[in-house]
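Read through the structure below, which is laid out as structure tokens, and then see the notes.
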Amino acid sequence: MLTRNCLSLLLWVLFDGGLLTPLHPQLQQTLEAQPRENVVTMPGRRSSAQRVKRGWVWNQFFVLEEYMGSEPQYVGKLHSDLDKGAGTVKYTLSGDGAGTVFTIDETTGDIHAIRSLDREEKPFYTLRAQAVDIDTRKPLEPESEFIIKVQDINDNEPKFLDGPYVASVPEMSPVGVIRTALPNMDREVKEQYQVLIQAKDMGGQLGGLAGTTTVNITLTDVNDNPPRFPKSIFHLKVPESSLVGSAIGRIRAVDPDFGKNAEIEYNIVPGDGGNLFDITTDENTQEGVIKLKKPLDFETKKAYTFKVEASNVHLDHRFHSVGPFKDTATVKINVLDVDEPPVFSKPMYTMEVYEDTPVGTIIGAVTAQDLDVGSSSVRYFIDRKSDSDSYFTIDGSEGTIATNELLDRESTAQYNFSIIASKVSNPLLTSKVNVIINVLDVNEFPPEISVPYETSVCENAKPGQVIQTVSAADKDLSPAGQRFSFRLSPEASTKPNFTVQDYRNNTAGIETRRSGYSRRQQDLYFLPVVIEDSSYPVQSSTNTMTIHVCRCDSDGTILSCNVEAIFLPVGLSTGALIAILLCIVILLVIVVLYVALRRQKKKDTLMTSKEDIRDNVIHYDDEGGGEEDTQAFDIGALRNPKVIEDNKIRRDIKPDSLCFPRQRPPVEDNTDIRDFINQRLQENDADPTAPPYDSLATYAYEGNGSVAESLSSIDSLTTEADQDYDYLSDWGPRFKVLAEMFGEEENYNTDKVT
Numbered sequence: 000m001l002t003r004n005c006l007s008l009l010l011w012v013l014f015d016g017g018l019l020t021p022l023h024p025q026l027q028q029t030l031e032a033q034p035r036e037n038v039v040t041m042p043g044r045r046s047s048a049q050r051v052k053r054g055w056v057w058n059q060f061f062v063l064e065e066y067m068g069s070e071p072q073y074v075g076k077l078h079s080d081l082d083k084g085a086g087t088v089k090y091t092l093s094g095d096g097a098g099t100v101f102t103i104d105e106t107t108g109d110i111h112a113i114r115s116l117d118r119e120e121k122p123f124y125t126l127r128a129q130a131v132d133i134d135t136r137k138p139l140e141p142e143s144e145f146i147i148k149v150q151d152i153n154d155n156e157p158k159f160l161d162g163p164y165v166a167s168v169p170e171m172s173p174v175g176v177i178r179t180a181l182p183n184m185d186r187e188v189k190e191q192y193q194v195l196i197q198a199k200d201m202g203g204q205l206g207g208l209a210g211t212t213t214v215n216i217t218l219t220d221v222n223d224n225p226p227r228f229p230k231s232i233f234h235l236k237v238p239e240s241s242l243v244g245s246a247i248g249r250i251r252a253v254d255p256d257f258g259k260n261a262e263i264e265y266n267i268v269p270g271d272g273g274n275l276f277d278i279t280t281d282e283n284t285q286e287g288v289i290k291l292k293k294p295l296d297f298e299t300k301k302a303y304t305f306k307v308e309a310s311n312v313h314l315d316h317r318f319h320s321v322g323p324f325k326d327t328a329t330v331k332i333n334v335l336d337v338d339e340p341p342v343f344s345k346p347m348y349t350m351e352v353y354e355d356t357p358v359g360t361i362i363g364a365v366t367a368q369d370l371d372v373g374s375s376s377v378r379y380f381i382d383r384k385s386d387s388d389s390y391f392t393i394d395g396s397e398g399t400i401a402t403n404e405l406l407d408r409e410s411t412a413q414y415n416f417s418i419i420a421s422k423v424s425n426p427l428l429t430s431k432v433n434v435i436i437n438v439l440d441v442n443e444f445p446p447e448i449s450v451p452y453e454t455s456v457c458e459n460a461k462p463g464q465v466i467q468t469v470s471a472a473d474k475d476l477s478p479a480g481q482r483f484s485f486r487l488s489p490e491a492s493t494k495p496n497f498t499v500q501d502y503r504n505n506t507a508g509i510e511t512r513r514s515g516y517s518r519r520q521q522d523l524y525f526l527p528v529v530i531e532d533s534s535y536p537v538q539s540s541t542n543t544m545t546i547h548v549c550r551c552d553s554d555g556t557i558l559s560c561n562v563e564a565i566f567l568p569v570g571l572s573t574g575a576l577i578a579i580l581l582c583i584v585i586l587l588v589i590v591v592l593y594v595a596l597r598r599q600k601k602k603d604t605l606m607t608s609k610e611d612i613r614d615n616v617i618h619y620d621d622e623g624g625g626e627e628d629t630q631a632f633d634i635g636a637l638r639n640p641k642v643i644e645d646n647k648i649r650r651d652i653k654p655d656s657l658c659f660p661r662q663r664p665p666v667e668d669n670t671d672i673r674d675f676i677n678q679r680l681q682e683n684d685a686d687p688t689a690p691p692y693d694s695l696a697t698y699a700y701e702g703n704g705s706v707a708e709s710l711s712s713i714d715s716l717t718t719e720a721d722q723d724y725d726y727l728s729d730w731g732p733r734f735k736v737l738a739e740m741f742g743e744e745e746n747y748n749t750d751k752v753t
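Structure representation (structure tokens):
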């Protein structure tokens, strides 16, 4: 009985799971009885009036496996509508097994299998067919693909392929649902059973082939056990500094089921902890993870108590009668005190102060407290990274903020810096808050004309004509409703040329007060306009407007306001005026250069005058050697003098007590310039009363007489007739002309006497 039940169970598992499929064998005689029915006709070419979908439409061919006949097994026939039986069409076969397993008659299109096939080895073949013209070798039909399936015969005994087989039976299954199931089977008691099964083929062609295998039956789990907490109360300790979203503890309920039947869902019962805590399920351990939803504060509340419910995620309605599949436990959380930084009374402070407030004025205060048990005093500091210029100071104990510099709203309208508060008992615990100080405006700038206006008036303007509309601007932060007033200055009110009309909307108009403005008499007018604001204290300024007199047509259109217009009646254009001015400038430059050159020629290039480019100039009236001084001097001695100072007295300061008369040694008759200069230099170096060494000293020296003696007739003892000029011929070629002149004159005088 057990064997029969096991066999029934196995067959149910195999058929119900889709592992076995009933076979419908087809006898070979049936196929051979109608061999010519597997004929596929290829659609031929149609007339142009017909619409035909191109391509071959193929049916599947079938061939029997394990064919043992002497002739090739007929598979089917291909035929094209264009084949009229005249032998003009050729059929070709290609693809899987073409030529080796299947052949085709090129003329008739008959397909045959030339060898025995095995369906268990290859169940089907995919081939391609083509019909071509036998003469042109061109395709008559598009190439198409078809399949040849191998039909199965009963040539194998039944086998258990994957034994031992494993089947599953739900635990707690009632008797009779599955015949092989034992009554009151419980997976938690025994998980697996083993059954021996024998299968036999009673109607097969091979005469009752049989097989035997062993089936292992494993009981599948069902959700028939509720989760249970191992204890009713869970105690947790959580520091008050725990971050929001962090896990602060775990609890677990036990479920003896397996897999998805053991999945548990945790929920917090509405009550004390629903707003502060949350619980989720760890998918790996099926534990309940308690997380923090809001920050904890030991000083506000030190303990929390709430309930957690654990229930199965997947319920089985067949076991609802067993009882509720959930359990409840109590969670108690004790908050631990942590030393925390001080807390400011506001998240941000905003203060206001007027500009130019005196230094040291208190403008506000910040407060912070230590909320821990046994609170500590607090110290305040300004974060200098945010106030690097130290515009403000703070009292470390009171937290009052005062100005440290004069504030200018036009320079900086708002200050934003941070204040740090730290506990005296633990300076490392600090907190920071932002402070915003808005600088209020004080009316310190007078209003002015907003833009520079180019105002003009026509020569033919009428009285009361508006020639310009002006507006004003103020550098101060003008309050809402700021009004500007316009008027003429007192000194301009007496002149009846122009007036100012205040429109009382922060604009004003410049109007003419007479007619007949002439450019030739006056081309520019200066109009002082007083602008006053309405803030406190009242500020005002005088703005001078320049008004040009212009030539206009009869409609008031300005034709010209330039200086050129005055000369237009003469016939001069702008280019002509520029050319005239340029010529005048060039003439002036030439005159200046000429005068400068004349003055430069008058100056003594040898600096014989008393002018000096330095501070001290010494002039000497020593006479040189005269005409007898013909010896050349060494200029190198002047550029590189070798002077040895024996006297160490300072030369840059005039001595007070030393005063020695200068003693000049007599000058020899044949002294040359070099000796003379060296002599004067030594004399000057030895003189303590001489000016400093960087002064300029000049010496007058007359040279010796020339070897040619004097050519002058002054003091001559003889007349020209007594002179003999023959020596001129001995002086060389340079004096040849002179010798001839005097020689001819001498000969002339001799002839005359004779």
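Under numbering that gives the first Met the number 0, the first residue of the sequence shown is numbered 0, with each subsequent residue one higher. Just so it is clear, CB atoms sit at the ideal spot from N, CA and C, and this is done for glycine as well. Every value quoted in this text rests on a predicted model; they were computed, and no experiment measured them.
Per-residue burial, residue i [other beta carbons within 10 Å of its own, 16 or more giving buried]
{"i": "Asn155", "result": "exposed"}
{"i": "Leu92", "result": "buried"}
{"i": "Asp296", "result": "exposed"}
{"i": "Asp134", "result": "exposed"}
{"i": "Ala85", "result": "exposed"}
{"i": "Leu439", "result": "exposed"}
{"i": "Ile103", "result": "buried"}
{"i": "Gly108", "result": "buried"}
{"i": "Ser539", "result": "exposed"}
Rounded separation between residue i and residue j - CA only
{"i": "Leu587", "j": "Leu596", "result": "14 Å"}
{"i": "Val149", "j": "Gly94", "result": "16 Å"}
{"i": "Ser387", "j": "Tyr414", "result": "11 Å"}
{"i": "Ser396", "j": "Ala302", "result": "35 Å"}
{"i": "Glu239", "j": "Arg408", "result": "45 Å"}
{"i": "Glu610", "j": "Thr697", "result": "The predicted position of Glu610 is uncertain, since its pLDDT is 49 and thus under 50; a value taken from the coordinates is nonetheless stated next. Each residue's alpha carbon lies about 12 Å from the other."}
{"i": "Thr280", "j": "Leu370", "result": "36 Å"}
{"i": "Cys582", "j": "Phe525", "result": "33 Å"}
{"i": "Leu737", "j": "Leu727", "result": "7 Å"}
{"i": "Glu140", "j": "Gly75", "result": "19 Å"}
{"i": "Phe734", "j": "Lys600", "result": "34 Å"}
{"i": "Gly758", "j": "Thr329", "result": "Residue numbering for the chain in the displayed model covers 0 to 753; residue 758 lies beyond these limits and cannot be assessed."}
{"i": "Lys474", "j": "Arg503", "result": "20 Å"}
{"i": "Leu427", "j": "Lys306", "result": "39 Å"}
{"i": "Phe123", "j": "Thr87", "result": "32 Å"}
{"i": "Asp132", "j": "Met67", "result": "36 Å"}
Cutoff 8 Å; reference residue i; Cβ partners in own chain excluding five residues on either side
{"i": "Asp382", "result": "Phe416, Ser417, Ile418, Ile419 and Lys431"}
Closer than 7 Å to chain C by CB, residue i
{"i": "Phe391", "result": "No chain C is part of this structure, which consists of one protein chain only."}
Residue j beta carbon less than 7 Å from that of residue i
{"i": "Glu510", "j": "Gln500", "result": "yes"}
{"i": "Val365", "j": "Tyr390", "result": "no"}
{"i": "Pro226", "j": "Ile263", "result": "yes"}
{"i": "Lys290", "j": "Pro341", "result": "no"}
{"i": "Thr543", "j": "Thr506", "result": "no"}
{"i": "Pro462", "j": "Ser514", "result": "yes"}
{"i": "Ile448", "j": "Phe485", "result": "no"}
{"i": "Glu120", "j": "Gln129", "result": "no"}
{"i": "Ala97", "j": "Val62", "result": "no"}
{"i": "Arg251", "j": "Glu308", "result": "no"}
{"i": "Val358", "j": "Thr402", "result": "yes"}
{"i": "Asn333", "j": "Lys236", "result": "yes"}
{"i": "Glu70", "j": "Lys89", "result": "no"}
Cβ-based neighbour list, residue i, same chain, cut-off 6 Å, excluding 5 preceding and 5 following
{"i": "Ile393", "result": "Tyr379, Ile381 and Ile400"}
{"i": "Glu354", "result": "Leu406, Asp407, Arg408, Val438 and Val441"}
{"i": "Val337", "result": "Pro238, Glu239 and Ser240"}
{"i": "Ser424", "result": "Ser375"}
{"i": "Ile232", "result": "Thr329"}
Close-in-space but distant-in-sequence residues of the same chain around residue i (CB under 7 Å, 5 per side omitted)
{"i": "Glu64", "result": "Leu116, Asp117, Arg118, Val149, Gln150, Asp151 and Ile152"}
{"i": "Asp326", "result": "Pro225, Pro226, Arg227, Phe228, Ala252 and Ala309"}
{"i": "Ala491", "result": "Leu526 and Pro527"}
Taking three-plus beta-carbon pairs below 8 Å as touching, is the segment 537-556 in contact with the segment 440-456?
yes
The segment 549-558 touching the segment 488-499, judged by at least three CB pairs closer than 8 Å
no
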